Each structure stands twice: as C-alpha cells, then as structure tokens.
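Trainee: Going line by line, the protein sequences match chains A, B and C. Per our numbering: the first sequence = residues 1 to 209. Per our numbering: the second sequence = residues 1 to 209. Per our numbering: the third sequence = residues 1 to 209. Every residue gets a Cβ at the ideal spot worked out from N, C-alpha and C, and that includes glycine. Note that this is a predicted model, so its numbers are computed, not measured. I have a structure I would like to understand better, so I am pasting it below and will then ask my questions one at a time.
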Amino acid sequence: MLWSFLPKESNFFDLFDQQVEYAVKAAAFFKELVAKGTLDDQAVQTMKDIEHLGDDVAHNIIERLDKTFITPFDREDIHSLAKEIDDIIDMIHTIVNRLRVYKLEGIDKNLIEFAAVIEESVAAVACAVKGMRDMKHSKAVMDSCVEINRLENVGDSMRDTMLAELFEQARHDPVMVIKRKEIYQDAETILDICEDVAHVVESILVKHA
Amino acid sequence: MLWSFLPKESNFFDLFDQQVEYAVKAAAFFKELVAKGTLDDQAVQTMKDIEHLGDDVAHNIIERLDKTFITPFDREDIHSLAKEIDDIIDMIHTIVNRLRVYKLEGIDKNLIEFAAVIEESVAAVACAVKGMRDMKHSKAVMDSCVEINRLENVGDSMRDTMLAELFEQARHDPVMVIKRKEIYQDAETILDICEDVAHVVESILVKHA
Amino acid sequence: MLWSFLPKESNFFDLFDQQVEYAVKAAAFFKELVAKGTLDDQAVQTMKDIEHLGDDVAHNIIERLDKTFITPFDREDIHSLAKEIDDIIDMIHTIVNRLRVYKLEGIDKNLIEFAAVIEESVAAVACAVKGMRDMKHSKAVMDSCVEINRLENVGDSMRDTMLAELFEQARHDPVMVIKRKEIYQDAETILDICEDVAHVVESILVKHA
Numbered sequence: 001m002l003w004s005f006l007p008k009e010s011n012f013f014d015l016f017d018q019q020v021e022y023a024v025k026a027a028a029f030f031k032e033l034v035a036k037g038t039l040d041d042q043a044v045q046t047m048k049d050i051e052h053l054g055d056d057v058a059h060n061i062i063e064r065l066d067k068t069f070i071t072p073f074d075r076e077d078i079h080s081l082a083k084e085i086d087d088i089i090d091m092i093h094t095i096v097n098r099l100r101v102y103k104l105e106g107i108d109k110n111l112i113e114f115a116a117v118i119e120e121s122v123a124a125v126a127c128a129v130k131g132m133r134d135m136k137h138s139k140a141v142m143d144s145c146v147e148i149n150r151l152e153n154v155g156d157s158m159r160d161t162m163l164a165e166l167f168e169q170a171r172h173d174p175v176m177v178i179k180r181k182e183i184y185q186d187a188e189t190i191l192d193i194c195e196d197v198a199h200v201v202e203s204i205l206v207k208h209a
Numbered sequence: 001m002l003w004s005f006l007p008k009e010s011n012f013f014d015l016f017d018q019q020v021e022y023a024v025k026a027a028a029f030f031k032e033l034v035a036k037g038t039l040d041d042q043a044v045q046t047m048k049d050i051e052h053l054g055d056d057v058a059h060n061i062i063e064r065l066d067k068t069f070i071t072p073f074d075r076e077d078i079h080s081l082a083k084e085i086d087d088i089i090d091m092i093h094t095i096v097n098r099l100r101v102y103k104l105e106g107i108d109k110n111l112i113e114f115a116a117v118i119e120e121s122v123a124a125v126a127c128a129v130k131g132m133r134d135m136k137h138s139k140a141v142m143d144s145c146v147e148i149n150r151l152e153n154v155g156d157s158m159r160d161t162m163l164a165e166l167f168e169q170a171r172h173d174p175v176m177v178i179k180r181k182e183i184y185q186d187a188e189t190i191l192d193i194c195e196d197v198a199h200v201v202e203s204i205l206v207k208h209a
Numbered sequence: 001m002l003w004s005f006l007p008k009e010s011n012f013f014d015l016f017d018q019q020v021e022y023a024v025k026a027a028a029f030f031k032e033l034v035a036k037g038t039l040d041d042q043a044v045q046t047m048k049d050i051e052h053l054g055d056d057v058a059h060n061i062i063e064r065l066d067k068t069f070i071t072p073f074d075r076e077d078i079h080s081l082a083k084e085i086d087d088i089i090d091m092i093h094t095i096v097n098r099l100r101v102y103k104l105e106g107i108d109k110n111l112i113e114f115a116a117v118i119e120e121s122v123a124a125v126a127c128a129v130k131g132m133r134d135m136k137h138s139k140a141v142m143d144s145c146v147e148i149n150r151l152e153n154v155g156d157s158m159r160d161t162m163l164a165e166l167f168e169q170a171r172h173d174p175v176m177v178i179k180r181k182e183i184y185q186d187a188e189t190i191l192d193i194c195e196d197v198a199h200v201v202e203s204i205l206v207k208h209a
C-alpha cells in the first residue's frame, strides 16, 4: 500500500532494470561479434549506441538521486551501483574498440569462450540487481552473487591458460602477444567488474539484513 | 557568523586547496618536462619535492581528522578525497620516474598531447575541490566533474590510437613497445584517478543534496 | 563486563585474527617457494589449500554479519576488510599459479627480494588488524599502517629498478620480458592490496576517533 505513495522510490528499481538490460545487450552483442570474427563500422557504431544508452540511464539515476528525498537504499550505494554497471558496459565497449584499433580480426576461439562466460556473468548481475526490488527474497540475490564470484574465478584461470598458450604459439610475434594479452585481460576485467557489482549488492543486503 | 566560530572546519577546505595546488603544480611540471624531452637529476628531484609536499598536506588532513569533532562532510569522504588527490600526484611522480628508469628520453609527441589533457583535467579537479567550500554553488562543481569525465574519455581514445600506431611503428622493437605502452597507460591512469576524485566529489554533493 | 554479554561481537575479531593468519601463512609459503625456485604439483596444491581456508573464513565473516545485530564497527567496513584480506591471499595464490602456468622456474633473485618485503608487509597487516580489538591502543595500529605504506613505496621502486634491468638483460627475448614483467607487477600488487587494508583500518580508526 504505502509503496504506491512512493512512486519515485520504485523508479530507482525501474532505472536499474533498464541499466542492467543494456549490460545484457552489450554482452550479447559482444558474443555475436566474436562469433563472426569480423568488425565493421556498423558493428562499432551499434556498440557505441548501446554504450550511450547505458550512459543516459546512469546519468538519469544520478540526477534523480539529487531530487529524491527518500531512496530505497543508501544514496552512496545507488551511486556506486549505477557507476559499476556503467563500467561493465564501458569495458565491453572498450574491448570492441580495441579489437578494431589493434586490427585483431578473425575468429579467436579464446574470445568466443570468454564471451560466453561474460554473457553468463552479466545475466547473473541482471538477476542480482533486479532481485533487490524484493529484499525478502534475498536468497536468490545472494545465489546470483555467488555465481558471479564463481564465474570470475573461471575467467581468471581461463585467462592464465590462454596466456600460457599464447606465449608458446606466438613467441615469434611478440607484438601479437602484447595485443592479445591485453584483450584477454580486458575480457577478464569485465568479470572483475561484475564481481564488483556483486560486492555492492552484497553490502546493500548486509545493511538491510 | 557561526562560521567564524568553527575555524577548524574551514581549515579542511584550506588544506584541500593546498593539496590540489600541488596536483596542479605536478601536472604543470610534467608538461614542461615532456616538452623539453630530457630528464636530468634536478628534474627528478623537483618532481620528488612536489610529491613530498603533497604527502605532507595529505598526512596533515588525516591527522587533523583525528582531532576534529565537527567536519564539513563525512570523515570517510575527507579521507578518500585526500587519498585520491594524493594518488594523482603520486602517479605523475611515478610516470616521471619511469621515463627515467626506462631511459625513455627524447621528444614524444604523444606524451606532449597527454600532458596537455592531464593539465586540463587536474585544473578541473582543482575547480571541483575548491568549489566544495560553497555547496550552494554546486552547479559549477558538477560542471567540473562532467568535464573531468569527458577528459577521461578523451584520454581513453587517445591511448588506443597511440597504441595502435606504436604497434605498427615499433613492431621490430617489442621491448620499446612494452615500455611506451606502459607509459601511455600510466598517463591514462592519471585521468582515471582524476575521474575517481570527481566521483568522490559527486557522492559528497549527493549526500548534501 | 558488558563485553562478556556480547560474545558474537568479539567473534569478529577472532575471525579476522584467523583470516590474517592465513595471509601470513600464504606469504611465508610464497617466500619458501621462491627460495627453492621449483614448483611442483604438491606446492601448487598447498597454496590452493591455504587459499580455500582463507576463503572459508571470509565467507564465515560475511554470513555472521547477516545474523549479528551489534557489530564492533560498521557492517560495510567489516565487509571491506574481509574482502581486502581475502584479496591478499588470492593474489599470492594467483602469482604462484602464474609462475607455474608461465613455466617460470628457477631461482629469480628479484622474486626472493619481493617475497621478503611481502612477508614484512603482511606481518604489519596482521599487527594492524589484530590491534583493532583494542581501539585504545590505536597508536600501534597506526604505526603498522605507516609501515605498510612505507613498504608499498619500497616495492614500487624495487619494481621499477627490476623492470629497467629486465628490459636490458632480456631484450632479445621479449616474451620473457612480458612474462617476468607481469610477475613483478603482481608482486607489487600484493603490496598495493596490503595498503588498501591499511586504508580500511585507518578509516575505521578515524570513525572511532
């Protein structure tokens, strides 16, 4: 009942829902791109558009924070959450840009593997963030956070294995080693940022325990 | 009126003014150095001196925090702000040291470009931090934060373009690629830290909205 | 007196004591490994076991946080502290794994030097964290934090010197440069994370000043 008198409060949840949807979209698009192994202007533009739309929602959240008296959880946490989700989308955008700038075209089975794990992790982020609307069912949110942490560990060891292979296979082309190493690290960084989101969500739950 | 009875409170603003001035000085000195393209002992010492002076103010802020009952904004935020501004100066110091240790002398037009953007960003940081003294004029502070964010994006894409060029031009000297890549990344990190300051400032404003 | 009625509160300190002990153990084991200069399956497993035990304590702390009404300091700070100490152990685990995956065996005098500084820094972290139990003796805790900061600076300049040497000595084996550079940076990152713990501890002290 009371809830209906607090439309602005629930708006934050709506905005976070939108924002994580852009993260989901970015992850899906990245997976599609690496499956094709080609990167044209159109693809780079599409990625940029998703990033801009995500930015708009983030700014919307911060601005609304300025004008809202009652917030569903601490203002600082709303701020960090918006920033971290934005960082996910930014990093996917960065990696796409870098593939282009570094002229790394062609199918890279490592990147295909990474894109699948990133998609899973971003899906778990979406679950965790959407689940915050209903703090009573925090078990599901906590499970998503555990899953995000698990996928970060998976990414960590994937990265190390891929680098070991790269060091062997491309040892006569050190600049290629440098380029691909950076891209795999960027891919792993996306999973780190997902974990950062999980930490913010966990700390919000802890405060509302 | 009341203000005059709270000298210690206003002292925090004075100290932050001093601290950002050292950041401004460090950025100006870095720009000068890369314009000359040479690095002697004297220059390294001057940079070290600026870093020490910045450190002293940061420690001063933290110590005063211990002894002050009323603070103009949350103790934790004063702590983070002092730390992040210190990080800007540290990172400029680090990059100068690294140029020396890596024996990267000579004019590098990319670094000249970066130094100009860094100087602009640090100037916006100084505006944002100094502007906090008067929360009623938060519009100007917010504008500086937006500018800092914009410059971070500029730096991001500058870095990527420079790396792409570097990969082409220096592909027969991979160790040179490794060295310069690190320096450009460090330069970009300075802009990231400026953005972190902007986030702390924004979150302080959000709490006082 | 009252203290004895709050057994759970004191439990957090017991758990943090356990957690830092695993960090101390990880640092000691790392030092032993690099002194030998060989890495077999058994060693990798031992490191993994320490990391798992550390993980268990961290999860224990977070779960207990959910069920405890009165905490000795802010819930968020307990959360960050547990996370950062966990990050120290994780990073030592990562570096051991990487040495193996990159096939970097043999005595590396630089790593021996780093392992000694890491052991010192983790010992200071243990002092700082254990000292929080008795906020009245915050001087000792603050001294440990200063020492951690000092060691981070030592590590920073060690790393730069080692990289300069590496660039000279291994310039005809760029992939080796890439591998060792990453390992030295990881070693330095451990000292950075110790510094992050010190910052959390300092900010807790600041709030309880």
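So, for F73(B): in the same chain, excluding its five sequence neighbours on each side, which residues have a beta-carbon less than 6 Å away from its beta-carbon?
Mentor: Within the second sequence, numbered from 1, the residue matching residue 73(B) stands at position 73. These residues qualify, in order along the chain: I204.
Trainee: Please confirm if I178(B) has its CB atom under 8 Å from at least one CB of chain A.
Mentor: Taking the second sequence and counting its residues from 1, one reaches residue 178(B) at position 178. Cβ-Cβ to chain A under 8 Å: yes for I178(B).
Trainee: Output, in chain order, the set of chain B residues within a Cβ distance shorter than 7 Å of R171(C).
Mentor: If you number the third sequence from 1, residue 171(C) lands on position 171. Result: V175.
Trainee: Take L39(A) and list the residues in its own chain whose beta-carbon comes closer than 8 Å to its own, dropping the five residues that flank it on each side.
Mentor: Here residue 39(A) is taken as the residue at index 39 of the first sequence, counted from 1. Same-chain partners within the cutoff: L33, V96, L99, R100 and E105.
Trainee: Of all the CB atoms in chain C, is at least one closer than 8 Å to the CB of H208(B)?
Mentor: Here residue 208(B) is taken as the residue at index 208 of the second sequence, counted from 1. It does not: the Cβ of H208(B) has no partner Cβ on chain C nearer than 8 Å.
Trainee: Secondary structure at T210(B), three-state DSSP: helix, strand or coil?
Mentor: Residue 210(B) cannot be examined here, being either before or after the span of chain B that is shown, 1 to 209.
Trainee: Apart from the five residues on each side of it in sequence, which residues of its chain come closer than 6 Å, Cβ to Cβ, to A187(C)?
Mentor: As a working note, residue 187(C) is residue 187 in the third sequence. So the qualifying residues of the chain are F114.
Trainee: Tell me the DSSP secondary structure of I107(A) in three-state form.
Mentor: Your numbering for residue 107(A) matches position 107 in the first sequence. Coil at I107(A), not helix or strand.
Trainee: Which residues in chain C sit within 7 Å of A164(A), going by Cβ to Cβ distance?
Mentor: Sequence index remark: in the first sequence, residue 164(A) carries index 164 (1-based). Residues of chain C passing the Cβ test: V101 and Y102.
Trainee: Would you call the segment 155 to 163 of chain B and the segment 79 to 95 of chain B touching, i.e. three or more CB-CB distances under 8 Å?
Mentor: Judged by Cβ distances under 8 Å, the segment 155 to 163 of chain B makes no contact with the segment 79 to 95 of chain B, as fewer than three pairs qualify.
Trainee: I'd like to know if E84(C) contacts chain A, where contact means its C-beta is closer than 8 Å to some C-beta of that chain.
Mentor: What you label residue 84(C) is simply residue 84 of the third sequence in a count that begins at 1. Not an interface residue.
Trainee: Between which residues of its own chain and C127(B) is the CB-CB distance below 6 Å, once the five residues before and five after are set aside?
Mentor: Numbered from its first residue, the second sequence carries residue 127(B) at position 127. Answer for C127(B): S144, listed in chain order.
Trainee: Output yes or no for whether 8 Å exceeds the beta carbon distance between I89(A) and Y22(A).
Mentor: Stepping through the first sequence from its first residue, residue 89(A) is reached at position 89. Stepping through the first sequence from its first residue, residue 22(A) is reached at position 22. For I89(A) and Y22(A), yes; Cβs fall inside 8 Å.
Trainee: Taking 7 Å as the cut-off, is the beta-carbon of I178(C) closer than that to any non-hydrogen atom of the ligand PLP?
Mentor: Looking for the ligand PLP in the displayed structure turns up nothing, as the structure carries no ligands at all.
Trainee: Do I61(B) and I178(A) count as a contact pair if the criterion is CB distance below 8 Å?
Mentor: In the first sequence, residue 178(A) corresponds to position 178, counting from 1. In the second sequence, residue 61(B) corresponds to position 61, counting from 1. Cβ atoms of I178(A) and I61(B): not closer than 8 Å.
Trainee: Helix, strand or coil for F5(C), going by three-state DSSP, please let me know.
Mentor: Counted from its first residue, the third sequence places residue 5(C) at position 5. Note on F5(C): pLDDT 42, under 50, position unreliable in the model; the coordinate value appears next. DSSP places F5(C) within a helical segment (H, G or I) once states are collapsed to three.
Trainee: Leaving out five residues on either side along the sequence, give the residues of the same chain with a beta carbon under 6 Å from the beta carbon of V122(B).
Mentor: To locate residue 122(B), count along the second sequence from 1; it is residue 122. So the list reads A23, V24 and A27, once near-sequence residues are dropped.
Trainee: Enumerate, from N- to C-terminal direction, the unbroken beta strand (DSSP E) stretches of 3 or more residues contained entirely within the segment 145 to 171 of chain B.
Mentor: none
Trainee: Give a yes or no on whether the C-beta atoms belonging to V117(A) and L191(A) are separated by under 8 Å.
Mentor: Numbered from 1 along the first sequence, position 117 holds the residue referred to as residue 117(A). Numbered from 1 along the first sequence, position 191 holds the residue referred to as residue 191(A). Yes, they are a contact pair.
Trainee: For chain A, check one thing: does any of its Cβ atoms lie closer than 8 Å to the Cβ of T46(B)?
Mentor: Translated into the one-based positions of the second sequence, residue 46(B) becomes position 46. Taking a beta-carbon distance threshold of 8 Å, T46(B) does not count as an interface residue toward chain A.
Trainee: So G131(C) packs on V141(C), CB below 8 Å; how close in whole Å?
Mentor: As a working mapping, residue 131(C) is identified with position 131 in the third sequence. As a working mapping, residue 141(C) is identified with position 141 in the third sequence. Sure, about 4 Å apart at Cβ, within 8 Å.
Trainee: Identify whether V173(B) lies in helix, strand or coil by the three-state DSSP scheme.
Mentor: As a working mapping, residue 173(B) is identified with position 173 in the second sequence. What sits at residue 173(B) in the sequence shown is Asp, not Val. D173(B) falls in the coil class under three-state DSSP.
Trainee: Quick one: grab the DSSP three-state call for D196(B).
Mentor: By one-based count along the second sequence, residue 196(B) stands at place 196. Of the three classes helix, strand and coil, the one that applies to D196(B) here is helix, per DSSP.
Trainee: What residues from chain C crowd round H52(B), counting only those whose CB sits closer than 7 Å?
Mentor: As a first step, residue 52(B) is located in the second sequence; it is residue number 52 there, counting from the start. The contacting residues do not exist; H52(B) stays about 12 Å from chain C at best.
Trainee: Would DSSP call H59(A) helix, strand or coil?
Mentor: If you number the first sequence from 1, residue 59(A) lands on position 59. Three-state DSSP puts H59(A) in a helix.
Trainee: So P174(C) and V129(B) are in contact, right, with Cβ under 8 Å, and what is the actual spacing, rounded?
Mentor: Indexing the third sequence from 1 puts residue 174(C) at position 174. Indexing the second sequence from 1 puts residue 129(B) at position 129. Not quite, the Cβ-Cβ distance comes to about 42 Å (not below 8 Å), so this is no contact.
Trainee: Expressed to the nearest angstrom, what Euclidean distance is found between the alpha-carbon atoms of I50(A) and K31(A)?
Mentor: Against the first sequence, residue 50(A) aligns to sequence position 50. Against the first sequence, residue 31(A) aligns to sequence position 31. Answer to the nearest angstrom: the Cα atoms are 14 Å apart.
Trainee: Beta-carbon within less than 6 Å of F13(C)'s beta-carbon, same chain only, minus the 5 sequence neighbours each way: which residues are those?
Mentor: Counting from 1 along the third sequence, the entry for residue 13(C) is found at position 13. Answer for F13(C): R133, listed in chain order.
Trainee: Restricting to Cα atoms, I'd like to know which of T189(C), E63(C), Q42(C) and A43(C) is closest to M91(C).
Mentor: Locating residue 91(C) in the third sequence gives position 91, where the first residue counts as 1. Nearest C-alpha to M91(C): T189(C).
Trainee: Below 7 Å on C-beta distance, what does H199(A) contact in chain C?
Mentor: Residue mapping note: residue 199(A) aligns to position 199 of the first sequence, counting from 1. Per Cβ cutoff of 7 Å: K83.
Trainee: Return no unless some Cβ of chain A is closer than 8 Å to the Cβ of D56(B).
Mentor: In the second sequence, residue 56(B) corresponds to position 56, counting from 1. No, D56(B) does not count as interfacial toward chain A.
Trainee: Within its chain, find whatever has a CB closer than 7 Å to the CB of E168(A); leave out the 5 residues flanking it on each side and keep chain order.
Mentor: On the first sequence, residue 168(A) is found 168 positions in, with the first residue counted as 1. So the list is empty, once near-sequence residues are dropped.
Trainee: My guess is that A170(B) and L151(B) are in contact by the Cβ rule of under 8 Å, so how many angstroms apart are they, rounded?
Mentor: Walking along the second sequence from the start, residue 170(B) turns up at place 170. Walking along the second sequence from the start, residue 151(B) turns up at place 151. That pair is no contact at about 27 Å.
Trainee: Shorter than 8 Å from the beta carbon of N60(C) to some beta carbon of chain A?
Mentor: To locate residue 60(C), count along the third sequence from 1; it is residue 60. Not closer than 8 Å to any Cβ of chain A, the Cβ of N60(C) fails to qualify, so no.
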